Amino acid sequence: MEKAAVGRTSRRWVLHIDMDAFFASVEQLTRPTLRGRPVLVGGTGGRGVVAGASYEARVFGARSAMPMHQAKRLVGVTAVVVPPRGAVYGVVSGRVFEALRSRIPVLETLSFDEAFGEPEELAGADADRVYEFCAELRALVRERTGLVASVGAGSGKQLAKIASGLAKPDGIRVVAPDEQQALLAGLPVRKLWGIGPVAEGRLRSLGIETVGAFAALPESEAVSLLGGSVGAALHRLARGIDDRPVAERAEAKQISAENTYETDIVTLAQLRPAIETMAAAAHARLGKDGRAARTVVLKLKKSDMSVVTRSFTLPYATTDLVTLTTAAQRSAIDPAELGPIRLVGVGFGGLSTVRQESLFPELDQSPADDTLDPEWESSEPAAPAAEPSPSASLWYPGMDVAHPDYGHGWVQGAGHGVVTVRFETSSTGPGPARTFSADDISLSRADPLGSLD
Numbered sequence: 001m002e003k004a005a006v007g008r009t010s011r012r013w014v015l016h017i018d019m020d021a022f023f024a025s026v027e028q029l030t031r032p033t034l035r036g037r038p039v040l041v042g043g044t045g046g047r048g049v050v051a052g053a054s055y056e057a058r059v060f061g062a063r064s065a066m067p068m069h070q071a072k073r074l075v076g077v078t079a080v081v082v083p084p085r086g087a088v089y090g091v092v093s094g095r096v097f098e099a100l101r102s103r104i105p106v107l108e109t110l111s112f113d114e115a116f117g118e119p120e121e122l123a124g125a126d127a128d129r130v131y132e133f134c135a136e137l138r139a140l141v142r143e144r145t146g147l148v149a150s151v152g153a154g155s156g157k158q159l160a161k162i163a164s165g166l167a168k169p170d171g172i173r174v175v176a177p178d179e180q181q182a183l184l185a186g187l188p189v190r191k192l193w194g195i196g197p198v199a200e201g202r203l204r205s206l207g208i209e210t211v212g213a214f215a216a217l218p219e220s221e222a223v224s225l226l227g228g229s230v231g232a233a234l235h236r237l238a239r240g241i242d243d244r245p246v247a248e249r250a251e252a253k254q255i256s257a258e259n260t261y262e263t264d265i266v267t268l269a270q271l272r273p274a275i276e277t278m279a280a281a282a283h284a285r286l287g288k289d290g291r292a293a294r295t296v297v298l299k300l301k302k303s304d305m306s307v308v309t310r311s312f313t314l315p316y317a318t319t320d321l322v323t324l325t326t327a328a329q330r331s332a333i334d335p336a337e338l339g340p341i342r343l344v345g346v347g348f349g350g351l352s353t354v355r356q357e358s359l360f361p362e363l364d365q366s367p368a369d370d371t372l373d374p375e376w377e378s379s380e381p382a383a384p385a386a387e388p389s390p391s392a393s394l395w396y397p398g399m400d401v402a403h404p405d406y407g408h409g410w411v412q413g414a415g416h417g418v419v420t421v422r423f424e425t426s427s428t429g430p431g432p433a434r435t436f437s438a439d440d441i442s443l444s445r446a447d448p449l450g451s452l453d
């Protein structure tokens, strides 16, 4: 075999399949009027967070995990905001993975919309054959689901995931062995799997800003900088050595996010926004997982490295960000009593596919009296609430509805005693919009899965 050909083959090929703008793409699939428009999926309240943004919205700078009010401001009046529909995403995700498993029996699913695979038939293949396989896989997903996937391929998980990022949107990127070192060397060190903001800051303070610069260090120095097993593992990844197997994942028992702060948190006023940020980050992962949470765990690591955890259990499982964040805030401990805090984490447990929203959400979304301080309590002054009319709470934008004559549709707008509905599903193409009286008995709520018909 020629030397050039040798450099284009690999004993193993790992693929990373990542659906493009999954949540927003599902909305555009099932609501054809939204195709080509800047769609934001997420909460619409004052604390709403973007769960997904279409590429049409991303060109304005909108992205996942951004506060909704900020994303709407960036996109402007053309933005279309719809609430998440977890049941629909779950069904479509299942169809995606079913299509993938018809070609790759063992999948390591990471979330609703991404997975690793290591096809046995590609062992020892060259990059051209891998590209053909990826193209066939993308075509299969598009045929079965109507959605677009980007695929990256490399000799291990690290390279495959980097490659899929380079392939987006709507593309394929195969990293052959003879180009992987050059590709890795030029990447920011933060791109390395497992390098967070604290580790990045530590490396940058020493002038190490790229993966190549980190790989050039002696392994002993990487270990001394980042710790024993972690430093050694990251150094191997930086050199393109990644033998981690692709295996079916056990279902996570808890979903969490945490952050270590360069400067210790010493006041409750500093701790509150840190908890809110970590709750939002964990909530984004919860959204991708597809389950609801009942138990909220707050983790606080003190400056002396001791860890304090407190949990709050709701009477029901939910995905509502405000409810979950409030539960985390109820567990807050004033650093003036606890001591300086260097790490804040929020975790969601009691995970369930069964969701039941609260009968009294206003109680679950109010911080407990014993955790309030005057500054926190006054940061959101109460305002007199107008008595809602019966129809005002009946319809909201994004709700799935049905009509005996027009079929399945979704609410585009409601107010002033009327509701406007767009009647369409994934199989109809853009449908007509019709306006009804808000109390029209022929209009009823519908199962969101009906939009997949």
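At position 89 of the sequence shown the residue is numbered 89 (the UniProt record's numbering), and the sequence of numbers has no breaks. Don't be surprised by glycine CBs; every beta carbon is placed ideally from N, CA and C. The model shown is predicted, which means the values in this text are computed figures rather than measured ones.
Task: Per DSSP, cross-strand counterpart(s) of residue 302 - done: Taking the sequence shown and counting its residues from 1, one reaches residue 302 at position 302. The partner list for residue 302 (beta bridge, DSSP) reads 341.
TODO: Would you decide whether residue 288 is buried or exposed? Buried here means 16 or more other CB atoms lie within 10 Å of its CB.
DONE: In the sequence shown, the residue the question calls residue 288 occupies position 288. Label assigned to residue 288: buried.
Task: Through-space distance from residue 31 to residue 240, alpha-carbon basis - done: As a first step, residue 240 is located in the sequence shown; it is residue number 240 there, counting from the start. As a first step, residue 31 is located in the sequence shown; it is residue number 31 there, counting from the start. Looking at the two C-alpha atoms, the distance is approximately 43 Å.
Open item on the list: Using a 10 Å radius around the Cβ and a threshold of 16 neighbouring Cβ atoms, would you call residue 161 buried or exposed?
Closed with: If you number the sequence shown from 1, residue 161 lands on position 161. A residue is called buried once 16 or more other Cβ atoms fall within 10 Å of its Cβ, and residue 161 is buried on that count.
Task: For residue 330 and residue 312, believed in contact at Cβ under 8 Å, the rounded distance - done: Numbered from its first residue, the sequence shown carries residue 312 at position 312. Numbered from its first residue, the sequence shown carries residue 330 at position 330. Taking C-beta atoms under 8 Å as the contact rule, residue 312 and residue 330 qualify, at a distance of about 5 Å.
Open item on the list: Taking the straight line between their C-alpha atoms, what separation do you get for residue 450 and residue 45?
Closed with: Here residue 450 corresponds to residue number 450 of the sequence shown, with the count starting at 1. Here residue 45 corresponds to residue number 45 of the sequence shown, with the count starting at 1. Whole-angstrom Cα-Cα distance: 26 Å.
Task: beta strand (DSSP E) segment containing residue 109, residue limits - done: Working through the sequence shown from its first residue, we reach residue 109 at position 109. From DSSP, the beta strand (DSSP E) with residue 109 extends over 107-109.
Open item on the list: When you compare the CB positions of residue 306 and residue 342, do they come within less than 7 Å of one another, or not?
Closed with: Against the sequence shown, residue 306 aligns to sequence position 306. Against the sequence shown, residue 342 aligns to sequence position 342. Their beta carbons are not under 7 Å apart, which means residue 306 does not touch residue 342 by this criterion.
Task: Beta carbon of residue 324 nearer than 7 Å to that of residue 294 - done: Against the sequence shown, residue 324 aligns to sequence position 324. Against the sequence shown, residue 294 aligns to sequence position 294. Contact annotation: residue 324 and residue 294 have beta-carbon atoms that are not nearer than 7 Å.
- [ ] Report the rounded CA-to-CA distance for residue 150 versus residue 166, giving the unit in angstroms.
- [x] In the sequence shown, counting from the first residue as 1, residue 150 sits at position 150. In the sequence shown, counting from the first residue as 1, residue 166 sits at position 166. C-alpha of residue 150 to C-alpha of residue 166: approximately 9 Å in a straight line.
Open item on the list: Can you confirm whether the stretch 205-218 touches the stretch 173-192 when touching is taken to mean that 3 or more C-beta pairs between the two stretches lie within less than 8 Å?
Closed with: Short answer: they touch.
Task: residue 154 versus residue 170 - alpha carbon distance - done: Residue numbering aside, residue 154 sits at position 154 when the sequence shown is read from its first letter. Residue numbering aside, residue 170 sits at position 170 when the sequence shown is read from its first letter. Straight-line measurement puts the Cα of residue 170 at about 18 Å from the Cα of residue 154.
- [ ] May I have the straight-line CA-CA distance separating residue 404 from residue 444, to the nearest angstrom?
- [x] Taking the sequence shown and counting its residues from 1, one reaches residue 404 at position 404. Taking the sequence shown and counting its residues from 1, one reaches residue 444 at position 444. Taking the straight line joining both Cα atoms gives about 9 Å.
Task: Runs of alpha helix (DSSP H) wholly within the stretch 50-76 (minimum 4 residues, chain order) - done: Qualifying alpha helix (DSSP H) stretches, in chain order: 55-58 and 68-75.
- [ ] Alpha carbon to alpha carbon, how far is residue 19 from residue 113? Give it in angstroms, no decimals.
- [x] The residue given as residue 113 occupies position 113 in the sequence shown. The residue given as residue 19 occupies position 19 in the sequence shown. The straight-line gap from Cα to Cα measures roughly 5 Å.
TODO: Note down, one range per segment and in chain order, each beta strand (DSSP E) of at least 3 residues found wholly within the stretch 109-155.
DONE: Unbroken beta strand (DSSP E) runs of no fewer than 3 residues, entirely contained in the stretch 109-155, are found at 114-117 and 149-154, following chain order.
TODO: Return helix, strand or coil for residue 181, following the three-state DSSP convention.
DONE: Position 181 of the sequence shown, counted from the start, is the residue given in the question as residue 181. In this structure, residue 181 counts as helix in the three-state DSSP scheme.
- [ ] At 3 residues or longer, and completely inside the stretch 242-300: list those beta strand (DSSP E) runs for me, N to C.
- [x] Counting only runs of 3 or more, we get 255-265.
Task: Own chain, CB closer than 7 Å to residue 432, minus 5 neighbours either side, in chain order - done: For this step, residue 432 is matched to residue 432 along the sequence shown. Short of 7 Å from the beta carbon of residue 432, and not among the five residues preceding or following it, lie these beta carbons of its own chain, in chain order: 423.
Task: Whole-angstrom distance between residue 66 and residue 57, CA atom to CA atom - done: Start at 1 with the first residue of the sequence shown, and residue 57 comes out as number 57. Start at 1 with the first residue of the sequence shown, and residue 66 comes out as number 66. Distance between the alpha carbons of residue 57 and residue 66: 12 Å.
Task: Same chain only: Cβ atoms within 8 Å of residue 232, ignoring 5 sequence neighbours per side - done: For this step, residue 232 is matched to residue 232 along the sequence shown. Closer than 8 Å at Cβ, skipping near neighbours: 219, 222 and 223.
Task: Separation of residue 258 from residue 203, as counted between CA atoms - done: Start at 1 with the first residue of the sequence shown, and residue 203 comes out as number 203. Start at 1 with the first residue of the sequence shown, and residue 258 comes out as number 258. Approximately 20 Å between the Cα atoms of the pair.
- [ ] Verify whether the separation of the beta carbon atoms of residue 82 and residue 68 is less than 7 Å.
- [x] What you label residue 82 is simply residue 82 of the sequence shown in a count that begins at 1. What you label residue 68 is simply residue 68 of the sequence shown in a count that begins at 1. No.
Task: Pair within 7 Å by beta-carbon distance, residue 127 and residue 176 - done: On the sequence shown, residue 127 is found 127 positions in, with the first residue counted as 1. On the sequence shown, residue 176 is found 176 positions in, with the first residue counted as 1. A contact, by the Cβ cut-off of 7 Å.
Task: Three-state secondary structure (DSSP) of residue 454 - done: Any property of residue 454 remains undetermined from this structure, which presents the chain solely from 1 to 453.
TODO: Drop a sphere of 10 angstroms on the beta-carbon of residue 359, count the other beta-carbons inside from all chains shown, and report buried for 16 or more, exposed for fewer.
DONE: As a position in the sequence shown, residue 359 is number 359, starting the count at 1. Annotation note: pLDDT 36 at residue 359 (below 50); position unreliable, coordinate value reported separately. Residue 359 comes out exposed.
Open item on the list: On a Cα-Cα basis, can you pick out the residue from 318, 111, 90 and 116 that is closest to residue 522?
Closed with: The displayed coordinates of the chain run from 1 to 453. Any statement about residue 522 would go beyond what the structure contains.
- [ ] Leaving out five residues on either side along the sequence, give the residues of the same chain with a beta carbon under 8 Å from the beta carbon of residue 321.
- [x] Taking the first residue of the sequence shown as position 1, residue 321 is located at position 321. Taken in chain order, the residues that qualify are 43, 47, 48, 49, 279, 280 and 283.
Open item on the list: Please report the distance separating the alpha-carbon of residue 245 from that of residue 157.
Closed with: Against the sequence shown, residue 245 aligns to sequence position 245. Against the sequence shown, residue 157 aligns to sequence position 157. Taking the straight line from one Cα to the other gives about 8 Å.
Open item on the list: Tell me the residue span of the alpha helix (DSSP H) that contains residue 236.
Closed with: Looking up residue 236 in the sequence shown gives position 236. Per DSSP, the unbroken alpha helix (DSSP H) holding residue 236 starts and ends at 228-238.
TODO: Check each candidate in 274, 447 and 318 and name the one with the smallest Cα separation from residue 517.
DONE: As shown, the chain starts at 1 and ends at 453. That puts residue 517 outside it, with no answer to give.
Open item on the list: Only counting the same chain, and skipping five residues up and downstream in sequence, which positions put a Cβ closer than 6 Å to that of residue 90?
Closed with: Residue 90 sits at position 90 when you count from the first residue of the sequence shown. Excluding its 5 nearest sequence neighbours in each direction, residue 90 has C-beta neighbours in its own chain below 6 Å: 290, listed in chain order.
Task: Beta-carbon spacing of residue 408, residue 164 below 7 Å - done: In the sequence shown, residue 408 corresponds to position 408, counting from 1. In the sequence shown, residue 164 corresponds to position 164, counting from 1. No, the Cβ-Cβ distance between residue 408 and residue 164 is not below 7 Å.
Open item on the list: Helix, strand or coil for residue 12? Go by DSSP, reduced to three states.
Closed with: Position 12 of the sequence shown, counted from the start, is the residue given in the question as residue 12. Note: residue 12 maps to coil in three-state DSSP.
Open item on the list: Quick check on the DSSP output: the alpha helix (DSSP H) that includes residue 330 runs from which residue to which?
Closed with: Here residue 330 refers to the residue found at position 330 of the sequence shown. Note, residue 330: alpha helix (DSSP H), 321-330.
Open item on the list: Let me check one thing: in DSSP terms, what residues is residue 410 bridge-paired to?
Closed with: Here residue 410 refers to the residue found at position 410 of the sequence shown. BP columns for residue 410 point to 400 and 422.
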